[in-house]
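Reading through the structure tokens given below for one structure.
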Amino acid sequence: MNPDAPIRLAVIGHPIAHSRSPRIHTAFAQQLGLSVDYQAVLAPLDGFAATVAELRTRGWRGCNVTLPFKPEALTLATQASPRAQLAGAANTLGFEGDTLWADNTDGIGLVYDLVAARFALSGKRVLLLGAGGACAGALAPLIEAGAAEIRIHNRSPDKASALVERHLPLARRHGVNLKTLGQLDGGAVYDGVINGTSAGLGGQALALPSGLVKPGGWALDLVYGPAAEPFLSWARAQGAQTRDGLGMLVQQAAEAFALWTGQRPDPTPVLEALRAEANTA
Ligand code: ATR
Numbered sequence: 003m004n005p006d007a008p009i010r011l012a013v014i015g016h017p018i019a020h021s022r023s024p025r026i027h028t029a030f031a032q033q034l035g036l037s038v039d040y041q042a043v044l045a046p047l048d049g050f051a052a053t054v055a056e057l058r059t060r061g062w063r064g065c066n067v068t069l070p071f072k073p074e075a076l077t078l079a080t081q082a083s084p085r086a087q088l089a090g091a092a093n094t095l096g097f098e099g100d101t102l103w104a105d106n107t108d109g110i111g112l113v114y115d116l117v118a119a120r121f122a123l124s125g126k127r128v129l130l131l132g133a134g135g136a137c138a139g140a141l142a143p144l145i146e147a148g149a150a151e152i153r154i155h156n157r158s159p160d161k162a163s164a165l166v167e168r169h170l171p172l173a174r175r176h177g178v179n180l181k182t183l184g185q186l187d188g189g190a191v192y193d194g195v196i197n198g199t200s201a202g203l204g205g206q207a208l209a210l211p212s213g214l215v216k217p218g219g220w221a222l223d224l225v226y227g228p229a230a231e232p233f234l235s236w237a238r239a240q241g242a243q244t245r246d247g248l249g250m251l252v253q254q255a256a257e258a259f260a261l262w263t264g265q266r267p268d269p270t271p272v273l274e275a276l277r278a279e280a281n282t283a
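The following block contains the structure:
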């Protein structure tokens, strides 16, 4: 193999034109002085596995995976990380000889971003809203970060129960009190609230009571841009510190980049650049 050839990487999704991943990974490569060719690849809805196979054959080192292919990505793996198995989905694939490894860096990206924001997790009471794919990706790393208590509330309670059930052994190992929460009551018991529902993406606001989060607590939405606004403006009205999901996006990318290249970029300047671009757009 030509040692001067760029490291070839990609993000595969459907749709894909909106993806910030090429921008983020190109910035990481520049920061570390690495030659990286990172492309956005649109896969047909019934052609994800074939698209992965083609990149692999053509010498790609790995790829990120976004909607709607994350669960399918996990099924292609010959080796899957425990956090990807618990999530039931992979956002990062790597190709090394006969091995196709799968990982999920979304949740650890969230935890790193909470640390960067100085939103305390360890020993705290945390409420997670939603029980879909985004929440499934986040839960294991949240447990491992040592929250005292995690409650999961979802519009469809059965999905919250299934998510809790699957994570109970991990929660017990880490001494985390993990349960579902049926009714949302104000009572200011939560130090932090994470919105992992897709309500904002559909232009809907969640019906949340006042006093859910402690004054001076924190709230984070897993999405960014206008979709995060309904939840974050509710949280600001509660006196909470707020953060959108852009930091998590950059942090999950940094973790994937480190898995592929063995070198960890500094996410902070890349996040600052993205925020500056958003403000001038
Ligand atoms: P994603 O991959 O973005 O997580 P998903 O797996 O479809 O998407 O999950 C969407 C989550 O947002 C679910 O928890 C969903 O609740 P249901 O399980 O009851 O469907 C939640 N959600 C979406 N729209 C919502 C709304 N208007 N109010 C409350 N919850 C909503």
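Mapped onto the working numbering, the consecutive letters of the sequence shown carry residue numbers 3 to 283. Beta carbons: idealized from backbone N, C-alpha and C, even for Gly. Since the model is a prediction, treat every value here as computed from it, not as a measurement.
Looking only at its own chain, which residues have a Cβ that is under 8 angstroms from the Cβ of phenylalanine 71, when we skip the five neighbours before and after it?
Once the five neighbours on either side are set aside, the close Cβ partners of phenylalanine 71 are Ile14, Gly15, His16, Ala45, Phe50.
Can you find the residues in the same chain that come closer than 8 angstroms, C-beta to C-beta, to alanine 68, ignoring five residues on each side of it along the sequence?
Just to set this straight, residue 68 is threonine in the shown sequence, not alanine. So the list reads Val13, Ile14, Gly15, Ile18, Ser21, Ser23, Asn93, once near-sequence residues are dropped.
Any idea if glutamate 257 is buried or exposed, counting beta-carbon neighbours within 10 angstroms, 16 or more meaning buried?
The residue is buried, with at least 16 neighbouring Cβ atoms inside 10 Å.
Taking only runs of the beta strand (DSSP E) that begin and end inside the region 29-96, which ones reach a length of at least 3 residues, in chain order?
Runs found: 38-44, 64-67.
Mind checking whether the beta-carbon of glycine 204 lies closer than 7 angstroms to any heavy atom of the ligand ATR?
Within the cutoff, so yes.
Cβ of lysine 161 versus every heavy atom of the ligand ATR: is any distance shorter than 7 angstroms?
Under cutoff, so the answer is yes.
Three or more beta-carbon pairs under 8 angstroms between the region 145-161 and the region 115-133, yes or no?
Cβ pair count under 8 angstroms is three or more, so yes.
Mapping DSSP to helix, strand and coil, what is asparagine 197?
Note: asparagine 197 maps to strand in three-state DSSP.
Please identify the residue among Asp187, Ala173, Ala122 whose C-alpha is closest to the C-alpha of isoleucine 145.
Measuring from the Cα of isoleucine 145, the nearest candidate turns out to be Ala173.
Just to confirm my understanding: we take leucine 123, look at its own chain, exclude 5 residues before and 5 after, and list those with CB closer than 6 angstroms. What are they?
The residues are Leu116, Ala147, Ala149.
Can we count leucine 47 as close to the ligand ATR, meaning its CB is less than 7 angstroms from some heavy atom?
Checking the Cβ of leucine 47 against the ligand ATR gives no.
Can you give the beta carbon distance from asparagine 197 to phenylalanine 233, rounded, assuming they're within the 8 angstroms contact cut?
The Cβ separation is near 4 angstroms, so the contact holds.
Heavy atom of the ligand ATR less than 7 angstroms from the Cβ of threonine 107, yes or no?
No.
Would a C-beta distance cut-off of 8 angstroms place tyrosine 226 and glycine 247 closer than the cut-off?
For tyrosine 226 and glycine 247, yes; Cβs fall inside 8 angstroms.
Kindly indicate which residue of Val113, Ala142, Val252, Thr263 has the alpha-carbon position closest to the one of arginine 25.
Of Val113, Ala142, Val252, Thr263, the residue nearest in Cα terms is Val252.
Ends of the beta strand (DSSP E) at proline 217?
Its beta strand (DSSP E) spans residues 215-223.
Work out the CA separation of tryptophan 103 and alanine 82 for me, nearest whole Å.
Each residue's alpha carbon lies about 6 angstroms from the other.
Does the Cβ-Cβ distance between glycine 139 and aspartate 108 come in under 8 angstroms?
It is a contact, given that the beta carbons lie within the stated cut-off.
Excluding sequence positions up to five away, which residues of its chain have a Cβ less than 7 angstroms from the Cβ of threonine 101?
Once the five neighbours on either side are set aside, the close Cβ partners of threonine 101 are Thr80, Gln81.
Is it true that the CB of glycine 96 sits closer than 8 angstroms to the CB of arginine 63?
Cβ atoms of arginine 63 and glycine 96: closer than 8 angstroms.
Indicate whether leucine 186 and leucine 203 have their beta-carbon atoms separated by less than 8 angstroms.
Taking 8 angstroms as the Cβ cut-off, leucine 186 and leucine 203 do not qualify as a contacting pair.
I'd like the list of long-range same chain contacts for glycine 219, defined as Cβ closer than 7 angstroms, with 5 residues on each side in sequence excluded.
Result list for glycine 219: Tyr192, Asp193, Gly194, Ala242, in chain order.
Provide the residue(s) that pair with leucine 286 in DSSP beta bridges, ordered along the chain.
What the structure shows of the chain is the stretch from 3 to 283, and residue 286 is not part of that stretch, so it cannot be assessed.
In angstroms, rounded to a whole number, what distance separates the CA positions of leucine 88 and valine 38?
Taking the straight line from one Cα to the other gives about 30 angstroms.
Just the C-alpha distance for cysteine 137 and serine 235, rounded to the nearest angstrom, thanks.
Distance between the alpha carbons of cysteine 137 and serine 235 is about 21 angstroms.
Name the DSSP bridge partner or partners of threonine 244?
Per DSSP, Ala221.
To the nearest angstrom, report how far apart arginine 266 and isoleucine 110 are at their CA atoms.
When rounded, the distance between both Cα atoms is 14 angstroms.
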